[in-house]
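As they're listed, the protein sequences go chains B and D.
Quick note, the first sequence lines up with residues 1 to 132 if you use full-length UniProt numbering.
Quick note, the second sequence lines up with residues 1 to 287 if you use full-length UniProt numbering.
Written below as structure tokens is the structure these notes are about.
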Amino acid sequence: MNQMVKDEVQQNGDDQPLTVGQPLSEFLMQLEDYTPTIPDAVTAHYLNTAGFEPKDPRLLRLISIAAQKFISDIANDALQHCKMRSSNSSSSHNNSKNSKGTKDRRYCLTMEDLTPALAEFGITVKKPQYFV
Amino acid sequence: MEKLEQTTSPHRKLLTAAVSSVLLSHGFDSSDWDVLETLTEMLQCFFCEIGQSSKNYCELSGRTEPLIADVILGFVEMGINFTQLSEFIKQHKLQVLPTLQPQQQPKQLNMLQAGTKQPLPSHIPQHLPSFPDPHSYIRTPTHKQPVIDYEAIREKCAIQKRDVEKALTKFLAKTSQTHNLFENDEFIFPLITCKTEFPPYLNALMPQDQIFDAEDLEYKTEEINPPPKKRVKTEKSETKTEGDGEEEVVEEPPEEIEDPNKVDENSSPVVDIDNPYLAATKLPNKS
Chain B
1 MNQMVKDEVQ
11 QNGDDQPLTV
21 GQPLSEFLMQ
31 LEDYTPTIPD
41 AVTAHYLNTA
51 GFEPKDPRLL
61 RLISIAAQKF
71 ISDIANDALQ
81 HCKMRSSNSS
91 SSHNNSKNSK
101 GTKDRRYCLT
111 MEDLTPALAE
121 FGITVKKPQY
131 FV
Chain D
1 MEKLEQTTSP
11 HRKLLTAAVS
21 SVLLSHGFDS
31 SDWDVLETLT
41 EMLQCFFCEI
51 GQSSKNYCEL
61 SGRTEPLIAD
71 VILGFVEMGI
81 NFTQLSEFIK
91 QHKLQVLPTL
101 QPQQQPKQLN
111 MLQAGTKQPL
121 PSHIPQHLPS
131 FPDPHSYIRT
141 PTHKQPVIDY
151 EAIREKCAIQ
161 KRDVEKALTK
171 FLAKTSQTHN
181 LFENDEFIFP
191 LITCKTEFPP
201 YLNALMPQDQ
211 IFDAEDLEYK
221 TEEINPPPKK
231 RVKTEKSETK
241 TEGDGEEEVV
251 EEPPEEIEDP
261 NKVDENSSPV
271 VDIDNPYLAA
281 TKLPNKS
């Protein structure tokens, strides 16, 4: 992550000082137009449990959008995994039957797809499939 | 997938709904319950983590109100790429959750309010809860204070006793046998008939308090019951002699036979069976 930030800073050029926050502060202005999915009250509740109470409500929206992007990236990766699986299984079965059709229309997100997606983010999930 | 619903807070439910909407927007039609729970937990941890780290950075620099720089440092520490947030917004149309911010429950209107609540006295601060409805602690009696001095009660007692005696004598005079003082008018001054028995001390010597039902007695006073029946039937036979000639002779013996039979029927179960639960059932008296 730090490497990515450094790349971003270097792209800005030498004439601009090292302010990574500048695009974000501009972004804050745009934030008022977009309403995140997670309501502000929920975000505020969880941030308050950590002791974080911003005076500026746009900070709440920034954090909730960041969280949404986080989940969205994971979901995207999981979707890729799911599609790979379905394409592998359909290609193997296509020779024998044509029952599955061209694509598996209904995608169900399971732990099998989520685990490798999370592993790429550095989160290892090991959940037992049954409880003894 | 049905599972036992633990008591989840409404915030957590909304987080799950947000995760679900994100998954839906990506094209997933369904997901496992474990997956949803995992992602919700991750989201909750994300908020707590970013909040903690931002607060720590803020306090580290000697401030109490967090700024965007603190948030940025928090993102950097967590490894979240925030540079592409604007593109993310423009790419994905953020679907606002249909449920708005959690609403507070409507204040329960006190529909059953009786009377106005009294204001707090001056020595109690205003931020403390107000008094409840006055009916809950103010007692108003529902009836007048009854008279409790000795003379009035004694007088009331005497009056009640006299009224009771009067009413009872009137009742008995109207229902039972009366003895009239005046021959002309029967209702002018009725007296309750005094029934004399011979000998007069017999009732005192024979204790009657242990006898609950005269029919259940083992010994029967046959003299009392049969004679009225015989008298009635002899009257009937006398009336019938006017109409029928020779049939009365035939009727009388069966009537006479019937009476001892009836008496025997009444006495035989009493003699044989001692237990009232085993005795034959008796119809109630029609008189």
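Cβ atoms here follow ideal geometry from the backbone N, Cα and C, with glycine treated the same way.
Check	Outcome
So, helix, strand or coil for Leu181 of chain D, using DSSP?	coil
With a threshold of 16 other CB atoms inside 10 Å of the CB of Tyr130 of chain B, please say whether the residue is buried or exposed.	exposed
May I ask which residues mark the beginning and end of the alpha helix (DSSP H) holding Ile68 of chain D?	Ile68 to Met78
Is Thr40 of chain D a contact residue of the ligand GTP, with contact defined as CB to any heavy atom under 7 Å?	Within the structure as shown, the ligand GTP is missing, as the structure has no ligands at all.
Quick one, which residues of the region 38 to 70 of chain B are near chain D if we go by CB-CB under 7 Å, in chain order?	Ile38, Pro39, Asp40, Ala41, Val42, Thr43, His45, Tyr46, Leu47, Thr49, Ala50, Gly51, Phe52, Pro54, Lys55, Leu59, Leu62, Ile63, Ile65, Ala66, Ala67, Gln68, Lys69 and Phe70
Can you tell me whether Thr124 of chain B is buried or exposed? The criterion is at least 16 other CB atoms within 10 Å of its CB, across all chains shown.	exposed
Verify the CB distance criterion: does Leu60 of chain D have a CB-CB separation below 8 Å to chain B?	no
Under the rule that 16 or more other beta-carbon atoms within 10 Å means buried, what is Leu31 of chain B, buried or exposed?	buried
State the Cα-Cα distance for the pair residue 364 of chain D and Thr196 of chain D, rounded to the nearest angstrom.	In this structure chain D extends from 1 to 287, so residue 364 of chain D is not present and cannot be described.
The beta strand (DSSP E) that contains Leu191 of chain D, what's its start and end?	Pro190 to Ile192
Could you tell me whether any Cβ in chain D is nearer than 8 Å to the Cβ of Asn88 of chain B?	no
My understanding is that Gln80 of chain B touches Thr37 of chain B, with C-beta atoms under 8 Å, so please give their C-beta distance in whole angstroms.	With 8 Å as the limit, Gln80 of chain B and Thr37 of chain B do not qualify as a contact, their Cβ atoms being about 22 Å apart.
I'd like to confirm the pairing. Which residues does DSSP put opposite Ser54 of chain D in its beta bridges?	Per DSSP, none; premise fails for Ser54 of chain D.
Evaluate Ser91 of chain B with the Cβ neighbour count: other Cβ atoms within 10 Å of its Cβ, from every protein chain shown; 16 or more gives buried, anything less gives exposed.	exposed
Thinking C-beta only, is Asp40 of chain B closer than 8 Å to Cys82 of chain B?	no
Measure from the C-beta of Arg85 of chain B to each C-beta in chain D and report whether the shortest distance is under 8 Å.	no
With distances taken between CB atoms, is the gap from Ile72 of chain D to Phe88 of chain D smaller than 8 Å?	no
Can you tell me which of the three DSSP states Ser30 of chain D falls into?	strand
What residue does the alpha helix (DSSP H) around Met206 of chain D start on, and which one ends it?	From DSSP, Met206 of chain D is part of no alpha helix (DSSP H); its letter is neither H nor E.
Note down, in chain order, all residues in the region 107 to 120 of chain B with a beta-carbon under 7 Å from any beta-carbon belonging to chain D.	Tyr107, Cys108, Leu109, Thr110, Met111 and Leu114
Give the DSSP-derived three-state secondary structure of Leu278 of chain D in the structure shown.	coil
What residue from D:Arg139, D:Asp70 and D:Gly27 has the CA that sits closest to Asn56 of chain D's CA?	D:Asp70
8 Å is my cut-off, CB to CB: does Glu65 of chain D come that close to chain B?	yes
Quick one: using the 10 Å Cβ neighbour count with 16 as the cut-off for buried, is Lys262 of chain D buried or exposed?	For Lys262 of chain D, the predicted structure reports a pLDDT of 45, less than 50, and the residue's modelled location is therefore unreliable. A value from the coordinates is still provided. Result: exposed.
Consult DSSP for Leu94 of chain D and reduce its assignment to one of helix, strand or coil.	coil
Against chain B, with Cβ distances strictly below 8 Å, would Thr142 of chain D count as a contact?	no
Is there contact here, the region 54 to 62 of chain B with the region 24 to 38 of chain D, by at least three beta-carbon pairs under 8 Å?	no
Give the residues of chain A in contact with Lys117 of chain D, contact being defined as C-beta atoms less than 7 Å apart.	Protein chains B and D are contained in the structure displayed, whereas chain A is not.
Suppose the cutoff is 6 Å on Cβ atoms and the five residues either side in sequence are ignored; what does the same chain contact list for Ser54 of chain D look like?	Pro66, Asp70, Val71 and Gly74
Of all the CB atoms in chain B, is at least one closer than 8 Å to the CB of Pro46 of chain D?	Per the sequence presented here, residue 46 of chain D reads as Phe, with Pro not at that position. Judged by the 8 Å Cβ criterion, Phe46 of chain D is in contact with chain B.
Would you say Leu43 of chain D reaches chain B, if we count a Cβ-Cβ gap shorter than 8 Å as a contact?	yes
Going by beta carbon distance, what residues of the same chain come within less than 8 Å of Ser176 of chain D, once the five residues before and after it are set aside?	Ile192 and Thr193
What does Thr38 of chain D reach in chain B if we use C-beta pairs closer than 9 Å?	Met111, Leu114, Leu118, Val125 and Lys127
Could you tell me whether any Cβ in chain B is nearer than 8 Å to the Cβ of His92 of chain D?	yes
What residues are listed by DSSP as bridge partners for Cys108 of chain B?	D:Ser30
Chain B beta carbons: is any one of them nearer than 8 Å to that of Asp133 of chain D?	no
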